[in-house]
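In our numbering, the protein residues as written are 15 to 344.
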(Lines of atoms letter the chains of each structure in order from A and count residues from 1; the text may use other names and numbers.)
(Lines give C-alpha, C1' and ligand atoms only; values in the text may rest on other atoms or scores of the structure.)
Protein backbone atom coordinates (compact mmCIF):
# COMPACT_ATOMS: atom_id res chain seq x y z
CA UNK A 1 0.00 0.00 0.00
CA UNK A 2 1.39 3.50 -0.80
CA UNK A 3 2.20 5.88 2.05
CA UNK A 4 -0.98 7.30 3.50
CA UNK A 5 -0.27 10.97 2.58
CA UNK A 6 -0.05 10.01 -1.12
CA UNK A 7 -3.63 8.81 -0.90
CA UNK A 8 -4.76 12.40 -0.35
CA UNK A 9 -4.07 13.04 -4.02
CA UNK A 10 -6.63 10.35 -4.82
CA UNK A 11 -9.44 11.56 -2.58
CA UNK A 12 -12.62 9.68 -3.58
CA UNK A 13 -15.32 11.72 -5.27
CA UNK A 14 -17.96 10.42 -2.86
CA UNK A 15 -19.42 12.39 -0.01
CA UNK A 16 -17.95 12.50 3.50
CA UNK A 17 -20.39 13.17 6.33
CA UNK A 18 -18.70 14.92 9.27
CA UNK A 19 -20.87 14.61 12.35
CA UNK A 20 -20.24 17.52 14.68
CA UNK A 21 -18.58 19.35 11.81
CA UNK A 22 -19.22 22.80 13.31
CA UNK A 23 -17.51 21.97 16.63
CA UNK A 24 -13.86 22.42 17.52
CA UNK A 25 -12.53 19.10 16.21
CA UNK A 26 -15.11 18.84 13.44
CA UNK A 27 -14.23 22.22 11.93
CA UNK A 28 -10.63 21.14 11.48
CA UNK A 29 -11.73 17.87 9.90
CA UNK A 30 -14.03 19.74 7.52
CA UNK A 31 -11.29 22.21 6.59
CA UNK A 32 -8.78 19.45 5.80
CA UNK A 33 -11.31 17.40 3.83
CA UNK A 34 -12.45 20.42 1.83
CA UNK A 35 -8.84 21.33 1.06
CA UNK A 36 -8.27 17.76 -0.14
CA UNK A 37 -11.19 18.02 -2.56
CA UNK A 38 -13.74 15.85 -0.79
CA UNK A 39 -17.47 16.47 -1.09
CA UNK A 40 -18.40 17.36 2.47
CA UNK A 41 -21.70 17.15 4.28
CA UNK A 42 -21.94 18.37 7.87
CA UNK A 43 -24.15 17.03 10.63
CA UNK A 44 -25.05 19.63 13.23
CA UNK A 45 -27.63 20.25 15.94
CA UNK A 46 -28.25 23.70 14.49
CA UNK A 47 -27.51 23.56 10.75
CA UNK A 48 -29.27 26.84 9.90
CA UNK A 49 -26.82 28.78 12.11
CA UNK A 50 -23.83 27.63 10.05
CA UNK A 51 -25.00 27.71 6.44
CA UNK A 52 -23.23 30.96 5.61
CA UNK A 53 -19.93 29.70 7.05
CA UNK A 54 -19.97 26.50 4.94
CA UNK A 55 -21.22 27.40 1.45
CA UNK A 56 -19.42 24.37 -0.01
CA UNK A 57 -21.13 21.83 2.28
CA UNK A 58 -24.59 20.36 2.70
CA UNK A 59 -25.73 20.81 6.30
CA UNK A 60 -27.95 18.19 7.90
CA UNK A 61 -29.85 18.21 11.17
CA UNK A 62 -28.35 15.62 13.53
CA UNK A 63 -29.54 15.01 17.10
CA UNK A 64 -27.76 11.99 18.56
CA UNK A 65 -30.34 11.50 21.30
CA UNK A 66 -32.88 10.80 18.52
CA UNK A 67 -30.64 8.40 16.56
CA UNK A 68 -30.50 5.35 18.81
CA UNK A 69 -31.57 2.71 16.28
CA UNK A 70 -29.81 1.80 13.00
CA UNK A 71 -32.93 2.58 10.94
CA UNK A 72 -32.98 6.19 12.16
CA UNK A 73 -29.63 6.79 10.43
CA UNK A 74 -30.79 5.67 6.98
CA UNK A 75 -31.76 9.06 5.52
CA UNK A 76 -28.63 10.78 6.89
CA UNK A 77 -26.37 8.19 5.28
CA UNK A 78 -27.76 8.42 1.75
CA UNK A 79 -25.04 9.14 -0.83
CA UNK A 80 -22.33 8.87 1.84
CA UNK A 81 -19.10 6.90 1.47
CA UNK A 82 -17.40 7.76 4.77
CA UNK A 83 -18.65 9.07 8.11
CA UNK A 84 -16.33 10.99 10.44
CA UNK A 85 -17.88 11.20 13.89
CA UNK A 86 -16.58 14.14 15.93
CA UNK A 87 -19.56 14.43 18.28
CA UNK A 88 -19.08 14.42 22.01
CA UNK A 89 -20.39 16.21 25.08
CA UNK A 90 -18.30 17.40 27.99
CA UNK A 91 -21.29 17.35 30.34
CA UNK A 92 -24.79 15.95 30.13
CA UNK A 93 -27.66 18.22 29.16
CA UNK A 94 -31.44 17.70 29.30
CA UNK A 95 -32.33 14.77 27.01
CA UNK A 96 -28.64 14.31 26.11
CA UNK A 97 -26.92 11.72 28.25
CA UNK A 98 -23.38 10.41 27.96
CA UNK A 99 -24.86 7.00 27.16
CA UNK A 100 -26.93 8.37 24.28
CA UNK A 101 -24.20 10.51 22.71
CA UNK A 102 -21.08 8.42 23.32
CA UNK A 103 -22.50 4.90 23.26
CA UNK A 104 -25.98 4.16 21.94
CA UNK A 105 -26.04 6.55 18.97
CA UNK A 106 -22.52 5.57 17.74
CA UNK A 107 -23.47 1.90 18.19
CA UNK A 108 -26.55 2.36 15.99
CA UNK A 109 -24.48 4.37 13.51
CA UNK A 110 -21.91 1.57 13.24
CA UNK A 111 -24.60 -1.01 12.45
CA UNK A 112 -26.16 1.33 9.88
CA UNK A 113 -22.75 1.89 8.27
CA UNK A 114 -22.17 -1.87 8.13
CA UNK A 115 -25.52 -2.39 6.43
CA UNK A 116 -24.81 0.36 3.87
CA UNK A 117 -21.12 -0.49 3.26
CA UNK A 118 -19.95 2.85 4.65
CA UNK A 119 -16.62 3.39 6.40
CA UNK A 120 -16.78 4.90 9.89
CA UNK A 121 -14.06 7.01 11.52
CA UNK A 122 -14.99 7.53 15.16
CA UNK A 123 -13.37 10.02 17.55
CA UNK A 124 -12.68 8.43 20.92
CA UNK A 125 -10.16 9.15 23.67
CA UNK A 126 -6.85 8.03 25.10
CA UNK A 127 -6.83 6.79 28.66
CA UNK A 128 -10.12 4.85 28.62
CA UNK A 129 -10.09 1.97 31.06
CA UNK A 130 -12.42 -0.32 32.94
CA UNK A 131 -13.61 0.95 36.30
CA UNK A 132 -12.71 4.58 35.65
CA UNK A 133 -15.57 5.78 37.86
CA UNK A 134 -16.51 8.51 35.38
CA UNK A 135 -19.68 8.24 33.30
CA UNK A 136 -18.01 10.41 30.67
CA UNK A 137 -15.14 7.94 30.25
CA UNK A 138 -17.16 4.74 30.71
CA UNK A 139 -19.67 5.82 28.04
CA UNK A 140 -16.84 6.34 25.56
CA UNK A 141 -15.44 2.91 26.36
CA UNK A 142 -18.86 1.31 25.77
CA UNK A 143 -19.10 3.19 22.48
CA UNK A 144 -15.75 1.79 21.34
CA UNK A 145 -16.80 -1.74 22.22
CA UNK A 146 -20.10 -1.41 20.35
CA UNK A 147 -18.33 -0.21 17.21
CA UNK A 148 -15.86 -3.09 17.44
CA UNK A 149 -18.77 -5.52 17.71
CA UNK A 150 -20.40 -4.16 14.56
CA UNK A 151 -19.50 -5.46 11.14
CA UNK A 152 -18.58 -2.05 9.73
CA UNK A 153 -15.20 -0.95 8.36
CA UNK A 154 -14.18 1.33 11.22
CA UNK A 155 -11.30 3.28 12.72
CA UNK A 156 -11.15 4.45 16.34
CA UNK A 157 -9.18 7.70 16.54
CA UNK A 158 -7.78 8.62 19.95
CA UNK A 159 -6.03 12.00 20.04
CA UNK A 160 -4.05 13.31 22.98
CA UNK A 161 -4.60 16.80 24.36
CA UNK A 162 -5.48 19.29 21.61
CA UNK A 163 -4.30 22.86 21.15
CA UNK A 164 -5.82 25.26 18.65
CA UNK A 165 -7.95 28.32 18.06
CA UNK A 166 -11.55 27.98 19.25
CA UNK A 167 -10.91 25.12 21.65
CA UNK A 168 -12.62 25.60 25.00
CA UNK A 169 -10.07 23.53 26.93
CA UNK A 170 -7.13 24.91 24.96
CA UNK A 171 -8.24 28.46 25.70
CA UNK A 172 -8.55 27.69 29.42
CA UNK A 173 -5.13 26.08 29.63
CA UNK A 174 -3.50 29.03 27.92
CA UNK A 175 -5.31 31.35 30.30
CA UNK A 176 -4.10 29.34 33.28
CA UNK A 177 -0.56 29.40 31.96
CA UNK A 178 -0.56 33.21 32.09
CA UNK A 179 -1.46 33.21 35.78
CA UNK A 180 1.46 34.03 38.11
CA UNK A 181 0.55 30.99 40.26
CA UNK A 182 -0.15 27.45 39.01
CA UNK A 183 -1.80 24.99 41.37
CA UNK A 184 -0.65 21.51 40.35
CA UNK A 185 -2.61 18.54 41.74
CA UNK A 186 -0.19 16.08 43.34
CA UNK A 187 -1.78 13.20 41.46
CA UNK A 188 -1.46 14.85 38.03
CA UNK A 189 1.43 12.60 37.02
CA UNK A 190 0.20 11.36 33.65
CA UNK A 191 2.01 12.19 30.45
CA UNK A 192 0.53 14.43 27.74
CA UNK A 193 1.48 14.33 24.06
CA UNK A 194 -0.18 17.62 23.11
CA UNK A 195 -0.90 18.06 19.41
CA UNK A 196 -2.50 20.68 17.19
CA UNK A 197 -6.12 20.42 16.07
CA UNK A 198 -4.93 21.30 12.57
CA UNK A 199 -2.83 18.11 12.46
CA UNK A 200 -5.80 16.11 13.71
CA UNK A 201 -7.94 17.43 10.86
CA UNK A 202 -5.30 16.38 8.34
CA UNK A 203 -5.12 12.94 9.94
CA UNK A 204 -8.86 12.50 9.37
CA UNK A 205 -8.43 13.48 5.73
CA UNK A 206 -5.68 10.89 5.32
CA UNK A 207 -7.89 8.18 6.84
CA UNK A 208 -10.84 9.15 4.65
CA UNK A 209 -8.66 8.74 1.57
CA UNK A 210 -7.98 5.09 2.37
CA UNK A 211 -10.13 2.55 0.50
CA UNK A 212 -10.21 0.38 3.64
CA UNK A 213 -9.66 1.07 7.33
CA UNK A 214 -8.64 -2.50 8.12
CA UNK A 215 -5.06 -1.44 8.83
CA UNK A 216 -6.15 1.47 10.99
CA UNK A 217 -8.61 0.04 13.51
CA UNK A 218 -6.89 1.75 16.46
CA UNK A 219 -5.30 5.10 15.66
CA UNK A 220 -3.63 6.82 18.60
CA UNK A 221 -2.34 10.31 17.85
CA UNK A 222 -0.17 12.86 19.60
CA UNK A 223 2.62 15.36 19.24
CA UNK A 224 6.34 14.69 19.30
CA UNK A 225 6.99 16.01 22.80
CA UNK A 226 5.69 14.40 25.98
CA UNK A 227 4.85 16.71 28.85
CA UNK A 228 3.75 16.49 32.43
CA UNK A 229 0.88 18.80 33.34
CA UNK A 230 3.13 21.30 35.14
CA UNK A 231 5.66 21.23 32.31
CA UNK A 232 2.95 21.83 29.71
CA UNK A 233 1.70 24.93 31.53
CA UNK A 234 5.29 26.23 31.65
CA UNK A 235 5.66 25.59 27.91
CA UNK A 236 2.45 27.48 27.09
CA UNK A 237 3.55 30.35 29.33
CA UNK A 238 6.69 30.96 27.26
CA UNK A 239 4.45 32.26 24.47
CA UNK A 240 3.29 35.13 26.67
CA UNK A 241 6.06 36.04 29.07
CA UNK A 242 9.63 35.25 30.01
CA UNK A 243 8.81 35.16 33.72
CA UNK A 244 8.26 31.91 35.60
CA UNK A 245 5.05 31.13 37.44
CA UNK A 246 5.06 29.87 41.00
CA UNK A 247 3.85 26.26 40.84
CA UNK A 248 2.32 25.04 44.09
CA UNK A 249 1.18 21.48 44.87
CA UNK A 250 -2.56 20.94 45.35
CA UNK A 251 -3.84 18.09 47.52
CA UNK A 252 -5.63 15.40 45.55
CA UNK A 253 -8.81 15.70 47.62
CA UNK A 254 -9.00 19.37 46.72
CA UNK A 255 -8.50 18.67 43.00
CA UNK A 256 -11.23 16.04 43.10
CA UNK A 257 -13.62 18.34 44.95
CA UNK A 258 -12.90 21.09 42.44
CA UNK A 259 -13.64 18.73 39.55
CA UNK A 260 -17.01 17.77 41.04
CA UNK A 261 -17.86 21.44 41.64
CA UNK A 262 -16.98 22.29 38.04
CA UNK A 263 -19.28 19.48 36.89
CA UNK A 264 -22.12 20.63 39.13
CA UNK A 265 -21.80 24.27 38.08
CA UNK A 266 -20.91 23.55 34.41
CA UNK A 267 -17.92 25.79 34.95
CA UNK A 268 -14.65 25.43 33.03
CA UNK A 269 -13.55 22.38 31.00
CA UNK A 270 -12.18 20.70 34.13
CA UNK A 271 -14.32 17.73 35.09
CA UNK A 272 -14.12 14.57 37.16
CA UNK A 273 -13.30 12.65 33.98
CA UNK A 274 -10.39 14.98 33.31
CA UNK A 275 -9.14 14.59 36.86
CA UNK A 276 -9.00 10.83 36.28
CA UNK A 277 -7.17 11.34 32.97
CA UNK A 278 -4.60 13.65 34.56
CA UNK A 279 -3.53 10.75 36.77
CA UNK A 280 -2.80 8.46 33.80
CA UNK A 281 -0.67 8.72 30.69
CA UNK A 282 -2.44 10.20 27.68
CA UNK A 283 0.34 9.30 25.27
CA UNK A 284 -0.24 7.36 22.03
CA UNK A 285 1.36 3.91 21.78
CA UNK A 286 2.29 3.84 18.99
CA UNK A 287 1.87 7.37 17.67
CA UNK A 288 0.45 7.03 14.16
CA UNK A 289 0.30 10.75 13.43
CA UNK A 290 3.66 10.92 11.59
CA UNK A 291 2.55 8.00 9.42
CA UNK A 292 -0.72 9.72 8.48
CA UNK A 293 0.83 13.15 7.90
CA UNK A 294 3.99 11.95 6.17
CA UNK A 295 5.96 14.32 8.41
CA UNK A 296 6.62 15.08 12.05
CA UNK A 297 3.68 16.55 14.00
CA UNK A 298 3.54 20.32 14.24
CA UNK A 299 4.96 21.78 17.45
CA UNK A 300 2.79 23.54 19.99
CA UNK A 301 3.51 27.16 19.24
CA UNK A 302 2.88 30.45 21.04
CA UNK A 303 -0.56 31.84 20.35
CA UNK A 304 0.79 34.70 18.25
CA UNK A 305 2.46 32.23 15.86
CA UNK A 306 -0.36 29.73 15.44
CA UNK A 307 -2.53 29.47 12.38
CA UNK A 308 -5.97 30.99 12.71
CA UNK A 309 -9.03 28.77 12.96
CA UNK A 310 -9.52 27.47 9.39
CA UNK A 311 -13.29 27.73 9.41
CA UNK A 312 -14.46 30.04 12.15
CA UNK A 313 -18.19 29.38 12.46
CA UNK A 314 -19.34 32.21 14.68
CA UNK A 315 -19.25 32.38 18.46
CA UNK A 316 -18.20 29.14 20.11
CA UNK A 317 -20.22 28.09 23.12
CA UNK A 318 -18.38 26.18 25.87
CA UNK A 319 -20.91 23.32 26.02
CA UNK A 320 -20.40 22.67 22.29
CA UNK A 321 -16.76 21.72 22.66
CA UNK A 322 -14.95 18.66 23.84
CA UNK A 323 -11.30 19.00 22.95
CA UNK A 324 -9.80 17.08 25.81
CA UNK A 325 -7.97 13.82 25.12
CA UNK A 326 -10.82 12.79 23.25
CA UNK A 327 -13.72 13.99 21.27
CA UNK A 328 -15.54 16.39 19.23
CA UNK A 329 -18.84 18.15 19.37
CA UNK A 330 -21.87 19.05 17.31
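Glycine included, C-beta positions come from ideal geometry on N, C-alpha and C. Since this is a predicted model, take the numbers as computed values, not measurements.
Residue i and residue j closer than 8 Å at C-beta
| i | j | result |
| --- | --- | --- |
| residue 149 | residue 94 | no |
| residue 33 | residue 99 | yes |
| residue 166 | residue 124 | yes |
| residue 147 | residue 203 | no |
| residue 300 | residue 235 | no |
| residue 310 | residue 289 | no |
| residue 355 | residue 190 | In the structure as shown, the chain starts at 15 and stops at 344, and residue 355 therefore has no counterpart that could be examined. |
| residue 121 | residue 85 | no |
| residue 170 | residue 42 | no |
| residue 259 | residue 194 | yes |
| residue 186 | residue 126 | no |
| residue 90 | residue 31 | yes |
| residue 296 | residue 183 | no |
| residue 237 | residue 174 | yes |
| residue 105 | residue 277 | yes |
| residue 233 | residue 156 | no |
| residue 188 | residue 250 | yes |
Rounded distance between the beta-carbons of residue j and residue i, thought under 8 Å
| i | j | result |
| --- | --- | --- |
| residue 134 | residue 97 | 5 Å |
| residue 291 | residue 198 | Rounded, the Cβ-Cβ distance is 15 Å, inconsistent with contact. |
| residue 7 | residue 102 | The requested residue 7 is not part of the displayed model; the chain covers only 15 to 344. |
| residue 158 | residue 110 | Not a contact, Cβ separation roughly 19 Å. |
| residue 314 | residue 208 | 5 Å |
| residue 254 | residue 192 | 5 Å |
| residue 59 | residue 74 | Rounded, the Cβ-Cβ distance is 11 Å, inconsistent with contact. |
| residue 244 | residue 196 | 7 Å |
Extent of the continuous alpha helix (DSSP H) run through residue i
| i | result |
| --- | --- |
| residue 212 | 211-222 |
| residue 277 | 266-279 |
| residue 44 | 38-49 |
| residue 304 | 303-307 |
| residue 29 | Residue 29 -> not in any alpha helix (DSSP H); beta strand (DSSP E) instead, spanning 29-33. |
| residue 185 | 182-192 |
| residue 104 | Run containing residue 104: none; DSSP gives neither H nor E here. |
Residue i at chain C interface by Cβ criterion, 8 Å
| i | result |
| --- | --- |
| residue 39 | Any reference to chain C falls outside this structure, which holds one protein chain only. |
Where the beta strand (DSSP E) containing residue i begins and where it ends
| i | result |
| --- | --- |
| residue 58 | 53-58 |
| residue 72 | 72-75 |
| residue 197 | 195-199 |
| residue 97 | 94-99 |
| residue 81 | Unbroken run through residue 81: none, as it is neither H nor E. |
Segments of 3+ residues assigned as beta strand (DSSP E) that fall wholly inside the stretch 107-161: You should have 133-137.
The stretch 53-60 / the stretch 221-233 touching (three or more Cβ pairs under 8 Å): At 8 Å Cβ cutoff, the stretches do not touch.
contact_flag[the stretch 150-158, the stretch 97-117] where n(CB pairs < 8 Å) is 3 or more: A contact exists between the stretch 150-158 and the stretch 97-117.
Length-filtered (3 minimum) beta strand (DSSP E) runs lying within the stretch 224-270: 232-235 and 260-264, all fully within the stretch 224-270.
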